[in-house]
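*Asks:* Before anything else, here's the structure in question.
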Amino acid sequence: MKQVLVIGSTVTDVIIHLDHLPKTSEDVHVLRQTMSLGGCAYNVSDTIRLFGIPYILFSPVGTGTYGHFVREALSEKGVKSPIPTPEQENGCCYCFVEAGGERTFVCHRGAEYRFRPEWFELLDEDAIDSAYICGLEIEEPTGTHIVRYLEEHPLLTVYFAPGPRILVLSKEILSRIFALSPILHLNETEALEYTKESTIEAAARALYEKTLNTVIVTLGERGAYYVSAQKAAYVPGVKAEQTDTIGAGDSHIGAVISRLKQGASMEDAIADANRIAAAVVGTSGALLPEERFRELGF
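To convert a position in the sequence shown, counted from 1, into the numbering used here, add 20.
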């Protein structure tokens, strides 16, 4: 089986639990605080790892306190990016989790989001058949290097999870990505706000007309809706007791990629991804423990 190229960031998630987000000038107490590996690309890659699918985490790891934390944590897991260490500090992501489980991110960007064209020459293109990208790295000035690599390798299946950056990415760069016919993965708010449509069905159809490939819109506990060349359908969700929502979307697309690589239909892949995401929502942090993954029967 060929590898999935997971392009993007690995960061230190500083997870801060509090009763509620403070208003301006308000003082609040932190209930507890932890640090863990995070970043969209890393979260996606870890779900792919759980499914036993071969992958490459193509993620810069810089210097400084957070770069050291990431490098040591990856080493403990036996994961190494082929990218050499850039002479720039890694940033981090402050994840504020309120009592109800909703999360708010404050990102300090560093080396993890910036790519150099010569790094892509380190890849064995014959060993790769698909690639994941998200909006954060594409938003950077160096995001064009990522898009250019994908344009130069048109046989790759591209999975694009833009996140809320779809609302700020330039029309020119989005047009280039849409021309790659990616499988598009985004949530309900992102789809509706970007397309200006009033229904999920219309929004997904409008996006499909841009990519001519499957569009997956996640709907939280309601599951997901997708449009493909063959079908448009809702895939029911799975009830979960919400601990926090960190990493839910990343785990969902990671599971979709993995199940498709295993030969599942799109609908079955999304159904399994709904189960994985629900389990992540019920877990503290972005990563699903291996024992919990096994409990789900995968």
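Quick reminder that beta carbons are idealized off the backbone N, C-alpha and C, glycines included.
Could you tell me which whole beta strand (DSSP E) segments of length 3 or greater appear in the stretch 221-295?
*Replies:* Correct list: 235-238, 244-247, 252-255.
*Asks:* If we call anything under 8 Å between Cβ atoms a contact, is residue 35 one with residue 274?
*Replies:* Position 15 of the sequence shown, counting from 1, holds the residue named residue 35. Position 254 of the sequence shown, counting from 1, holds the residue named residue 274. Result no, Cβ atoms of residue 35 and residue 274 do not sit closer than 8 Å.
*Asks:* From which residue to which residue does the beta strand (DSSP E) around residue 125 run?
*Replies:* The count along the sequence shown starts at 1 and reaches residue 125 at position 105. Element bounds for residue 125: 123-128.
*Asks:* Determine, using beta carbons only, whether residue 276 comes closer than 8 Å to chain D.
*Replies:* Judged by its chain identifiers, the structure shown contains no chain D, having just a single protein chain.
*Asks:* Could you say if the stretch 145-157 and the stretch 87-97 meet the contact criterion of at least three C-beta pairs nearer than 8 Å?
*Replies:* Counting Cβ pairs under 8 Å, fewer than three are found: no touch.
*Asks:* Kindly indicate which three-state DSSP category residue 98 falls into: helix, strand or coil?
*Replies:* Along the sequence shown, one-based indexing puts residue 98 at 78. Three-state result, residue 98: coil.
*Asks:* Would you mind sorting residue 285 into buried or exposed? The rule is 16 or more other CB atoms within 10 Å of its CB.
*Replies:* Sequence index remark: in the sequence shown, residue 285 carries index 265 (1-based). Exposed, since its Cβ has fewer than 16 Cβ neighbours within 10 Å.
*Asks:* Taking the alpha-carbon positions, what's the residue 50 to residue 152 distance?
*Replies:* Counting from one through the sequence shown, the residue named residue 50 turns up at place 30. Counting from one through the sequence shown, the residue named residue 152 turns up at place 132. Between residue 50 and residue 152, the C-alpha separation is close to 35 Å.
*Asks:* In three-state terms, what does DSSP make of residue 211?
*Replies:* For the purposes of this step, residue 211 is identified with residue 191 of the sequence shown, where counting begins at 1. Three-state DSSP puts residue 211 in a helix.
*Asks:* Could you have a look at residue 193 and say whether DSSP puts it in helix, strand or coil?
*Replies:* The sequence position of residue 193 within the sequence shown is 173, counting from 1. Reduced to three states, the DSSP call for residue 193 is helix.
*Asks:* Compare the C-alpha of residue 109 against each of 237, 255, 100, 90 and name the closest.
*Replies:* Here residue 109 is taken as the residue at index 89 of the sequence shown, counted from 1. If we check each option's Cα against that of residue 109, 90 comes out closest.
*Asks:* Whole angstroms is fine: what's the gap from residue 259's alpha carbon to residue 298's?
*Replies:* Within the sequence shown, numbered from 1, the residue matching residue 259 stands at position 239. Within the sequence shown, numbered from 1, the residue matching residue 298 stands at position 278. Approximately 7 Å, taken between the alpha carbons.
*Asks:* For a test of the three-state rule: what should DSSP assign to residue 58, helix, strand or coil?
*Replies:* For the purposes of this step, residue 58 is identified with residue 38 of the sequence shown, where counting begins at 1. It is a strand residue.
*Asks:* Would you kindly report the start and end of the unbroken alpha helix (DSSP H) that includes residue 167?
*Replies:* As a working mapping, residue 167 is identified with position 147 in the sequence shown. Per DSSP, residue 167 belongs to the alpha helix (DSSP H) from 163-171.
*Asks:* By the DSSP assignment, the alpha helix (DSSP H) with residue 156 in it spans what residues?
*Replies:* The count along the sequence shown starts at 1 and reaches residue 156 at position 136. Its alpha helix (DSSP H) spans residues 155-159.
*Asks:* Thinking C-alpha only, which one of 53, 261, 137 is nearest residue 165?
*Replies:* The residue you call residue 165 lines up with position 145 of the sequence shown. With distances taken between Cα atoms, residue 165 lies closest to 137.
*Asks:* Take residue 210 as the anchor and find which of 235, 197, 199, 200 has the nearest alpha-carbon.
*Replies:* By one-based count along the sequence shown, residue 210 stands at place 190. Answer by Cα proximity: 235.
*Asks:* Is it true that the stretch 72-82 meets the stretch 21-39, where meeting means three or more beta-carbon pairs spaced less than 8 Å apart?
*Replies:* In short, these stretches touch, since the Cβ pair count reaches three.
*Asks:* In chain order, what residues of the same chain lie with their CB nearer than 7 Å to the CB of residue 64, ignoring the 5 residues before and after it?
*Replies:* Here the question's residue 64 lines up with position 44 in the sequence shown. The residues are 26, 152, 270, 273, 274.
*Asks:* With 16 other CB atoms within 10 Å as the buried threshold, where does residue 101 fall?
*Replies:* Along the sequence shown, one-based indexing puts residue 101 at 81. Residue 101 is buried by the Cβ-count criterion.
*Asks:* Do residue 222 and residue 247 have their C-beta atoms within less than 8 Å of each other?
*Replies:* Your numbering for residue 222 matches position 202 in the sequence shown. Your numbering for residue 247 matches position 227 in the sequence shown. No, Cβ-Cβ distance for residue 222 and residue 247 is not below 8 Å.
*Asks:* Helix, strand or coil: which one does DSSP assign to residue 88?
*Replies:* Residue numbering aside, residue 88 sits at position 68 when the sequence shown is read from its first letter. Correct three-state label for residue 88: helix.
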